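Working notes, beginning with the structure itself.
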Amino acid sequence: MKCDGCTLCCKVLPVPWMNSPQGEYCKECEPNKGCKIWETVPEDCKKYKCFYNRIESLDSKYRPDNCGIVFERATKTIFYGTIDSDISMLNNVANKMIKFFVSEGFSVVLKHLKTEPVFIILLRIISPAEAEGNRAAFLPF
Ligand code: SF4
Ligand code: SF4
Numbered sequence: 111m112k113c114d115g116c117t118l119c120c121k122v123l124p125v126p127w128m129n130s131p132q133g134e135y136c137k138e139c140e141p142n143k144g145c146k147i148w149e150t151v152p153e154d155c156k157k158y159k160c161f162y163n164r165i166e167s168l169d170s171k172y173r174p175d176n177c178g179i180v181f182e183r184a185t186k187t188i189f190y191g192t193i194d195s196d197i198s199m200l201n202n203v204a205n206k207m208i209k210f211f212v213s214e215g216f217s218v219v220l221k222h223l224k225t226e227p228v229f230i231i232l233l234r235i236i237s238p239a240e241a242e243g244n245r246a247a248f249l250p251f
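So this note's numbering is basically just the index in the sequence shown, starting at one, shifted up by 110.
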């Protein structure tokens, strides 16, 4: 299974149908293991897929629990990342993903749950060669 022990969305995203507030693990979550009630879990939980989960070929090193951010494609041009409240610095994996999104022409909006809504929009113009290099290093397609 693609999530394979990642449970970050069950913490950093609000899950109103489970009365689970943003920033706290859902009561049915076993952190770093999975959902305790997966067999009978609400459809809305089953339907949710973060960016990583939607790309079958994406290497597990880019899994949200390895970068501390749950990324979702918000619009045609914007990626939205919710940073785990326990993270105080972005790690290399997170930086690489952000760099890739930006190199592909996306804006990246980041939200850290412990700071009062701080949104960072990152935009950078780079050469086509660098963009191609990022793509090759990040996505196998
Ligand atoms: S954040 Fe993505 S990979 Fe992690 S549990 Fe949620 S859907 Fe699965
Ligand atoms: S019910 Fe399960 S899948 Fe849904 S938020 Fe809670 S732990 Fe996650």
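The beta-carbon is built from N, C-alpha and C at its ideal position, and this holds for glycine as well.
No experiment lies behind these values; they were computed from the predicted model shown.
Limits of the beta strand (DSSP E) - the one that GLU182 falls within: Taking the sequence shown and counting its residues from 1, the one referred to as residue 182 is at position 72. Here the beta strand (DSSP E) through GLU182 covers 179 to 183.
Shorter than 8 Å from the beta carbon of LYS186 to some beta carbon of chain D? Absence of chain D from the displayed structure is noted, only one protein chain being present.
Am I right that LEU220 and GLY178 are in contact with their C-beta atoms under 8 Å? What's the rounded C-beta distance? Working through the sequence shown from its first residue, we reach residue 220 at position 110. Working through the sequence shown from its first residue, we reach residue 178 at position 68. About 11 Å; that fails the 8 Å criterion.
Those residues which DSSP pairs with CYS139 across a bridge: As a working mapping, residue 139 is identified with position 29 in the sequence shown. CYS139 pairs with CYS145.
Below 8 Å on the Cβ atoms is my contact criterion, and I expect TYR162 with ARG173 to pass it. Report the Cβ-Cβ distance as a whole number of Å. Position 52 of the sequence shown holds residue 162. Position 63 of the sequence shown holds residue 173. About 6 Å separates the Cβ atoms of TYR162 and ARG173, confirming a contact at the 8 Å cut-off.
Taking buried to mean at least 16 other C-beta atoms within 10 Å of its own C-beta, is SER170 buried or exposed? Looking up residue 170 in the sequence shown gives position 60. Label assigned to SER170: exposed.
Following a CB-centred definition, is GLU138 positioned closer than 7 Å to any heavy atom of ligand 2? Here residue 138 refers to the residue found at position 28 when the sequence shown is read from its first residue. For GLU138, the CB falls within less than 7 Å of some heavy atom of ligand 2.
Pull the bridge partners of ILE193 from the DSSP assignment, please. Position 83 of the sequence shown, counting from 1, holds the residue named residue 193. Bridge partners of ILE193: ILE179, HIS222.
Could you check if CYS125 belongs to the surroundings of ligand 2, using beta carbon to heavy atom distance under 7 Å? As a first step, residue 125 is located in the sequence shown; it is residue number 15 there, counting from the start. The sequence shown places Val at residue 125, not Cys. Result yes, Cβ under 7 Å from ligand 2.
What is the chain-ordered set of residues for which the beta carbon lies under 7 Å from any non-hydrogen atom of ligand 1? LYS112, CYS113, CYS116, THR117, LEU118, CYS119, CYS120, TYR158, LYS159, CYS160, TYR162, ASN163, ARG173, PRO174, ASP175, VAL180
Cα-Cα separation, LYS186 to LEU123: On the sequence shown, residue 186 is found 76 positions in, with the first residue counted as 1. On the sequence shown, residue 123 is found 13 positions in, with the first residue counted as 1. Using only the alpha carbons, I get a separation of about 21 Å.
Taking buried to mean at least 16 other C-beta atoms within 10 Å of its own C-beta, is SER167 buried or exposed? Stepping through the sequence shown from its first residue, residue 167 is reached at position 57. It is exposed - the Cβ of SER167 has fewer than 16 other Cβ atoms within 10 Å.
Where ALA239 falls, given that 16 or more other Cβ within 10 Å makes a residue buried: The residue you call residue 239 lines up with position 129 of the sequence shown. Exposed.
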